[in-house]
Amino acid sequence: MTSGRPLGFWTAVLCGLAVLHAVATVVFLGSSTLWFQAMQADELIWIRLVIGWATAQLILVLLSLAIARRARRMPRGAVGRARIVGLSVAAGLHATITTVSIGVILWSARASLGHVLGGTTPSLLFGLTHLAYPDLELEWIRTLYQTATSLQWATGTALFILAASCWFLLPLPRRERFWWVFDAGMVLAFAAVSFVLPITPVEGDDASLGGAVVRVTVTTLFAIRVALRLVGPLLSAFERIGFRPMVAARHLRAKKTGFLAASGTLSVLAVAVSSCMLISVLSVMGGFRADLKKKILGNHAHIVIDQALKELDDWRPILEQTRATEGVIGATPYLETEVMVSSLSNRAGAILRGIDPASVSEVTDLAKNMTYGKLEYLEHPEQILDDSIGSSGKSPLDAMLEAEPGEDVDPRPGADTMPGLIVGQELARALRLVVGDRVTVVSPRGELGPTGPIPRTKPFRIAGIFYSGMYEYDMKHAYVALDVAQRFLKAREAVSGIEVKVQDVEKAPAMATELASILGRDELRVRDWKMMNQQLFGALALEKLAMFITLGIAILIAGFSVFGTLTLLVQEKRREVGILKAMGASARGVIRIFVIEGLLIGTAGGLLGLGLGFVMTFAAEHFGIRMNPEVYYIDKLPVNLDPTEFALVGAATVVVCLAATLFPAYQASRVRPVDALRYD
351 MTSGRPLGFW TAVLCGLAVL HAVATVVFLG SSTLWFQAMQ ADELIWIRLV IGWATAQLIL
411 VLLSLAIARR ARRMPRGAVG RARIVGLSVA AGLHATITTV SIGVILWSAR ASLGHVLGGT
471 TPSLLFGLTH LAYPDLELEW IRTLYQTATS LQWATGTALF ILAASCWFLL PLPRRERFWW
531 VFDAGMVLAF AAVSFVLPIT PVEGDDASLG GAVVRVTVTT LFAIRVALRL VGPLLSAFER
591 IGFRPMVAAR HLRAKKTGFL AASGTLSVLA VAVSSCMLIS VLSVMGGFRA DLKKKILGNH
651 AHIVIDQALK ELDDWRPILE QTRATEGVIG ATPYLETEVM VSSLSNRAGA ILRGIDPASV
711 SEVTDLAKNM TYGKLEYLEH PEQILDDSIG SSGKSPLDAM LEAEPGEDVD PRPGADTMPG
771 LIVGQELARA LRLVVGDRVT VVSPRGELGP TGPIPRTKPF RIAGIFYSGM YEYDMKHAYV
831 ALDVAQRFLK AREAVSGIEV KVQDVEKAPA MATELASILG RDELRVRDWK MMNQQLFGAL
891 ALEKLAMFIT LGIAILIAGF SVFGTLTLLV QEKRREVGIL KAMGASARGV IRIFVIEGLL
951 IGTAGGLLGL GLGFVMTFAA EHFGIRMNPE VYYIDKLPVN LDPTEFALVG AATVVVCLAA
1011 TLFPAYQASR VRPVDALRYD
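Residue numbering for the sequence shown follows our numbering, beginning at 351 and increasing consecutively.
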């Protein structure tokens, strides 16, 4: 099979196929949620997938057997013989085990047994299907699949390590030719996905989502390959800057042997991984903060005008002055108190807010957050009876049945129609309420009786249910019409305060100060949203700082890796340093050379890490990492790309790497030419 071709050629082919096979396996399993349902519905997809996968496994197995056979003819002790044999064995085992694992998945999908293995990434990657569907009749399928999955990852890891090791056994010209072919393939793949596949997935369309994921993946690999190709020309250009940059760049480009070669690569990777982790976590933390800010500003006003421990009686002139202020979008009054809401099945405490349905939409997103019912029901509660079944109010039909012969009947609902009440989703779930249900609201603000305060009660009918995205808000808030709340609480015309929305939310503190000066009343409190939520956002900022410090330790560890690499480099380049000093180089000049080397390592690792972090955060923001809203109260992981944080992480990475170079550079500057050249 391999006659006419040297063993190194087929080893290169096997290394390339092994890497492609590992990538294809990860993509196949990782994108399972995209193809699983389609494969069940279309038999042709299943057949093509089986044929393609079986062909790939067969080629990999045959090639590994042929190389193993020829490698055994190599003399014992020959360089690379053990690694080549190990590579062929690992490739054969991995292909065989992968065939079993993927075959079980394909067979389960074809046999409509998808409920056994599931179609989600966690179940396919880690074999956790038995936690979801413990079917005793198909226990052998789960056992076989879980065992094959574990062995697949073990052999895949060994295959990748051996492939990387055998790759360096190949002659440099052959590796160069391989990379040219690989680069040509990457260019063609990038051009193909750029013209064919979409970058923005269609909501609910798995095919477009899969295409977008493939395009981002190919684009990322293409960008990495382009960056690696540019390293050489950039270092060549860097050498022309001056003598010290030239020496530093040539130190890094020089061929290294033994542990130093691996140490340099690991240093760059350590810096890249640590900066990637840090920027990813900071982006997620920033996403949570932005999501919380959006929800708070959607459910609360930007500015609140009220009076401490007292309600506002003459609030109408204040409302008019506020609305007339430049920069104010809307203003609405509200009346707030704590109540108890009781249903037939349960009771719960809540904050009752009387609002003006006509103007509240100018300030908050209550109307947009309605999932059931309508905000208009607060003004027209009689419409609830028309849209609800089983209501207990008096309808025109009831009035006709109860009327005496010859009596005129008013077609509108009776005067005993209960006012509407809008509750949050969690409160409705706790009280088991739907639109049209009757509840009783109990307020402690009652009249004083002979035995103490008498609570005030009033029946209401559920007019709507809203979802704000914040659990505590949905559990504790209920809305009624302002005039209904005033009559219920005997507050006459008083309100608790006025809510204000401004054009620029970031200028809310300045607007609050301006409103306070315009109103000119010392007894009024004018507070902006930052002041009212200072503790909450302060806690988020503190948590983000803690995460930055915690993950920043990873960058420090990467700095120690750079420290070790440069220390070894100083020892290896001791003779060159001695020659430089003998030629007149100063100690400060030697220090600058090694500091520049550390700067180049930190810059390369930082740029690689920031690039990978950008891809990860972009993918998470663009495609959305789905989360269980029943558990996390959000449907996907929030991500916020902040250029300032990218710059901060990049600067921190470079500073740490520069600090790690100081001691090795100082040690290099102390080298005496006589000692360095003593044995030459």
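Using N, Cα and C, we set each Cβ at its ideal position, and we do this for glycine too.
| Item | Value |
| --- | --- |
| With DSSP collapsed to three states, give me the class of LYS808. | strand |
| Pull up the DSSP beta-bridge partners for ALA698, would you. | VAL691 |
| In whole angstroms, what separates the C-alpha of GLN1017 from that of PHE910? | 16 Å |
| Give me the DSSP bridge partner(s) of ARG1022. | The partner list for ARG1022 (beta bridge, DSSP) is empty, contrary to what the question assumes. |
| Could you check where the alpha helix (DSSP H) with VAL927 kicks off and where it finishes? | 924-932 |
| Pop quiz: CYS1007 and ILE951 are said to be a contact at Cβ under 8 Å. What is the actual Cβ separation, rounded to whole angstroms? | 6 Å |
| Measuring alpha carbon to alpha carbon, tell me which residue in LEU509, GLU526, LEU602 is nearest VAL439. | LEU509 |
| What are the boundary residues of the alpha helix (DSSP H) that includes MET882? | 879-882 |
| For my contact list, VAL912 and THR1011 are in at a C-beta cut-off of 8 Å; report their separation, rounded to the angstrom. | 7 Å |
| Measure the C-alpha to C-alpha separation of GLY637 and ILE629 and round it to an integer number of angstroms. | 12 Å |
| If I measure Cβ to Cβ from PHE518 and keep anything under 7 Å in the same chain, skipping five residues before and after, which residues do I get? | none |
| For ALA651, which of SER617, ILE848, THR567 has the nearest alpha-carbon? | ILE848 |
| Just checking my contact of PRO1014 with VAL920 at CB under 8 Å: how many whole Å lie between their CB atoms? | 5 Å |
| By how many angstroms is the C-alpha of ASP715 removed from the C-alpha of LYS840? | 28 Å |
| Buried or exposed: where does LYS931 fall if 16 or more other Cβ atoms within 10 Å of its Cβ makes it buried? | buried |
| Do the CB positions of LEU547 and VAL531 come within less than 8 Å of each other? | no |
| So, at 7 Å on beta carbons, what are the nonlocal neighbours of ILE1052 in its own chain, with the 5 sequence-adjacent residues on each side left out? | Within the shown structure, residues of the chain are numbered from 351 to 1030, placing residue 1052 beyond reach of any answer. |
| Please state if the CB of SER544 and the CB of THR687 are separated by a distance shorter than 8 Å. | no |
| Does the stretch 686-706 come close enough to the stretch 867-878 that 3 or more CB-CB pairs lie under 8 Å? | no |
| Could you please give the first and the last residue of the uninterrupted alpha helix (DSSP H) stretch that includes GLN775? | 775-781 |
| Using the Cα positions of THR967 and ILE907, report the straight-line distance between them to the nearest angstrom. | 23 Å |
| Provide the residue span of the alpha helix (DSSP H) that contains VAL543, from first to last. | 522-546 |
| Please report the straight-line C-alpha distance between ALA904 and GLY506, rounded to a whole angstrom. | 27 Å |
| I'd like to know whether the C-beta atoms of LEU865 and VAL855 end up nearer to each other than 8 Å. | no |
| For PRO1058, I'd like the list of residues in its chain whose CB is within less than 8 Å of its CB, leaving aside the five on either flank, ordered along the chain. | With the chain represented from 351 up to 1030, any question about residue 1058 goes unanswered, as that position is not in the structure. |
| Would DSSP call LEU771 helix, strand or coil? | strand |
| Taking 8 Å as the cut-off, does the stretch 879-894 touch the stretch 641-651 (at least 3 CB pairs, one atom from each stretch)? | yes |
| The ligand MG and GLY430: does any heavy atom of the ligand fall closer than 7 Å to the residue's C-beta? | Among the components modelled here there is no ligand, and therefore nothing to report on the ligand MG. |
| Does the Cβ-Cβ distance between ASP787 and ILE812 come in under 8 Å? | yes |
| State the start and end residues of the unbroken beta strand (DSSP E) segment that holds ASP831. | Looking at the sequence provided, one finds Ala at residue 831 rather than Asp. Note, ALA831: beta strand (DSSP E), 827-831. |
| Helix, strand or coil, according to DSSP, for ARG677 in the structure here? | Contrary to the premise, residue 677 reads as Gly rather than Arg in this sequence. Looking at GLY677 - three-state DSSP - the assignment turns out to be coil, as it is neither helix nor strand. |
| Quick one, which of SER818, ASP656, VAL691, VAL940 has its alpha-carbon nearest PRO805's? | VAL691 |
| Output the boundary residues of the beta strand (DSSP E) element that contains GLY430. | Element bounds for GLY430: n/a, residue is neither H nor E. |
| Please report how far the alpha carbon of ASP878 lies from the alpha carbon of GLY648, in whole angstroms. | 14 Å |
| I believe ILE574 touches GLN502 by the beta-carbon criterion, under 8 Å. Please report the beta-carbon distance rounded to the nearest angstrom. | With a Cβ gap of about 26 Å, ILE574 and GLN502 do not count as contacting. |
| So what's SER500 in DSSP terms, helix, strand or just coil? | helix |
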